[in-house]
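Colleague:
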Amino acid sequence: MSSQVSLIVVTDETPGIPKTISKASTELPNKFFVDYSNILKNESGHTFAREPFGAYLYDSYEDFQQKKSGKNVDTTLAVHQNGMNTTEKKMCLCFILNNQSG
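As numbered in the numbering used here, the sequence shown has no gaps in its residue numbers, which increase by one up to the final residue, 492.
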């Protein structure tokens, strides 16, 4: 039996629209992006032009807002294998849609 993990989800395109999403700890991280996308589409009609090419995990949404260092997420591994778990402050998962390199 897998446990549930609750995370605050944002993207680099929507940093000010955090949503708390819960998934099974055995799910892949991109399942959080799918739910996040659906919530934004239903609430405001917002859609994303592309799929994320990466993600970073922060200890909290506050750490994300303060631009503290995040941990690179391996999107091919399950949520629990990436160290994601439900904490009191809730970890923040930020999906990267814009490639800033180069």
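Think of the CB as a built atom: it goes at the ideal place given N, C-alpha and C, for glycine as much as any other residue. Remember, predicted model here, so these are calculated numbers, not experimental data.
(1) Quick one: Cα of CYS484 to Cα of SER393, how far?
(2) Does LYS431 pass the burial test, meaning 16 or more other C-beta atoms within 10 Å, or should it be called exposed?
(3) Could you pull out every unbroken alpha helix (DSSP H) segment of at least 4 residues lying fully inside the stretch 414-484, listed in chain order?
(4) Exposed or buried, which one is LYS413 when buried takes at least 16 other CB atoms within 10 Å?
(5) Just to check my reading of the structure: LEU397 and MET481 have Cβ atoms closer than 8 Å, yes? What is that Cβ distance to the nearest angstrom?
(6) Please report how far the alpha carbon of SER427 lies from the alpha carbon of THR477, in whole angstroms.
(7) Let me know if PHE443 comes out buried or exposed under the rule of 16 or more other beta-carbons within 10 Å of its beta-carbon.
(8) According to DSSP, which residues form a beta bridge with ILE407?
(9) Residue range of the beta strand (DSSP E) that LEU397 falls in?
Modeller: Short version:
(1) 21 Å
(2) exposed
(3) 420-434 and 451-455
(4) buried
(5) 5 Å
(6) 23 Å
(7) exposed
(8) Bridge partners of ILE407: none, in fact.
(9) 394-401
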